[in-house]
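K.L.:
Counting along the sequence shown from 1, when you hit position 61 you're at 61 in the UniProt record's numbering, and nothing is skipped either side.
Cβ atoms here follow ideal geometry from the backbone N, Cα and C, with glycine treated the same way.
Remember, predicted model here, so these are calculated numbers, not experimental data.
What follows is a structure written as structure tokens; I'll ask about it next.
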Amino acid sequence: MRLPVSKTYEIRDPIHGFIVLNEWERDIIDHSVFQRLRRIRHLGLTDMVYPGAMHTRFEHSLGAMHVATQMYDEIVKRRGNYWLESELNFSEGGLKRHKVLLRISCLLHDVGHPPFSHVGEAILACDPSTGEPYRHEEYSVAAILHLMRDVIDD
């Protein structure tokens, strides 16, 4: 796991304001697999009924990372390191590592979505062992392990 370096970047989100990114997160966001989320609507075809429902999986993933980070920071602040260290066996280094993993997990959780989001899942290839279509979570894992390996394994 690549630990974040001191260089930071900001991206402007219309809901959350400025979201701060480290270099690794920026590299992930710049990857073509992540960039395709800009073209996948978060709510599938809902904008056909609600024209304002036009946000994308890209925006959603950034927001999920940002909100999860706020929640994590608040838990650490309220509970303090002592509780986290004694009850959960988190060390100071463990807190930092878990925060990095939380942010990356939130950022990548939707990279496997097909076009039209959940609506498109019905046309995905089927798992031969179950006969059911693969889910976007399975495509996310495959994308991370195979297509994004260059930026994840660094």
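Could you tell me how far apart the beta carbons of residue 166 and PHE58 are, in whole angstroms, since I believe they sit closer than 8 Å?
P.N.:
This structure does not reach residue 166, given that the chain is present from 1 up to 154, and the question cannot be answered.
K.L.:
Thinking PHE18 and ARG26 are a contact (beta carbons under 8 Å), I'd like their distance in whole angstroms, please.
P.N.:
Position 18 of the sequence shown, counting from 1, holds the residue named residue 18. Position 26 of the sequence shown, counting from 1, holds the residue named residue 26. Not quite, the Cβ-Cβ distance comes to about 14 Å (not below 8 Å), so this is no contact.
K.L.:
Starting from the Cα of LEU108, find the closest Cα among GLY63, LEU43, VAL20, MET54 and give me that residue.
P.N.:
Here residue 108 refers to the residue found at position 108 of the sequence shown. LEU108 has its Cα closest to that of GLY63, out of GLY63, LEU43, VAL20, MET54.
K.L.:
Report the CB separation of HIS42 from HIS60 in whole angstroms; it is logged as a contact under 8 Å.
P.N.:
As a first step, residue 42 is located in the sequence shown; it is residue number 42 there, counting from the start. As a first step, residue 60 is located in the sequence shown; it is residue number 60 there, counting from the start. Confirmed, about 5 Å.
K.L.:
Which residue's Cα is closest to the Cα of ASN22: LEU101, SER91, TYR72?
P.N.:
As a first step, residue 22 must be located in the sequence shown, where it is residue number 22. When LEU101, SER91, TYR72 are compared, the shortest CA-CA separation from ASN22 is found for LEU101.
K.L.:
May I ask you to report which of helix, strand or coil DSSP gives THR8?
P.N.:
For the purposes of this step, residue 8 is taken as residue 8 along the sequence shown, with counting starting at 1. Annotated three-state conformation of THR8 is strand, per DSSP.
K.L.:
Using the Cβ count rule (16 or more neighbours within 10 Å means buried), how would you classify VAL111?
P.N.:
Locating residue 111 in the sequence shown gives position 111, where the first residue counts as 1. Its Cβ being crowded by 16 or more others within 10 Å, VAL111 is buried.
K.L.:
Per DSSP, ASP13 forms a beta bridge with which residues?
P.N.:
Taking the first residue of the sequence shown as 1, we reach residue 13 at position 13. Paired residue(s): GLY17.
K.L.:
Would you mind listing the alpha helix (DSSP H) stretches within the UniProt domain "HD" (57 to 142) that are 4+ residues and don't spill past its ends, in chain order?
P.N.:
57 to 88, 92 to 108, 136 to 142
K.L.:
Based on the DSSP secondary-structure assignment, which residues constitute the bridge partners of ARG41?
P.N.:
The residue given as residue 41 occupies position 41 in the sequence shown. According to DSSP, ARG41 bridges with THR56.
K.L.:
Among the candidates ARG135, ASP127, GLY131, SER129, whose CA atom is the shortest distance from the CA of GLU121?
P.N.:
Taking the first residue of the sequence shown as 1, we reach residue 121 at position 121. If we check each option's Cα against that of GLU121, ARG135 comes out closest.
K.L.:
Identify, in the order they occur along the chain, each residue of the same chain with its Cβ nearer than 7 Å to the Cβ of VAL119, setting aside the five sequence neighbours on each side.
P.N.:
Position 119 of the sequence shown, counted from the start, is the residue given in the question as residue 119. Result list for VAL119: GLY44, LEU45, in chain order.
K.L.:
Check this for me: beta carbons of MET65 and ARG103, under 9 Å apart or not?
P.N.:
Stepping through the sequence shown from its first residue, residue 65 is reached at position 65. Stepping through the sequence shown from its first residue, residue 103 is reached at position 103. Yes, the pair counts as a contact, with Cβ atoms nearer than the cut-off.
K.L.:
Write down the C-beta distance between LYS99 and TYR72 rounded to the nearest angstrom, noting that I regard them as a contact closer than 8 Å.
P.N.:
For this step, residue 99 is matched to residue 99 along the sequence shown. For this step, residue 72 is matched to residue 72 along the sequence shown. Right, their Cβ atoms sit about 6 Å apart.
K.L.:
Would you please state the rounded distance, in angstroms, between the beta carbons of ILE40 and HIS113? I believe it to be under 8 Å.
P.N.:
Here residue 40 refers to the residue found at position 40 of the sequence shown. Here residue 113 refers to the residue found at position 113 of the sequence shown. Right, the Cβ-Cβ distance comes to about 5 Å (below 8 Å), so this counts as a contact.
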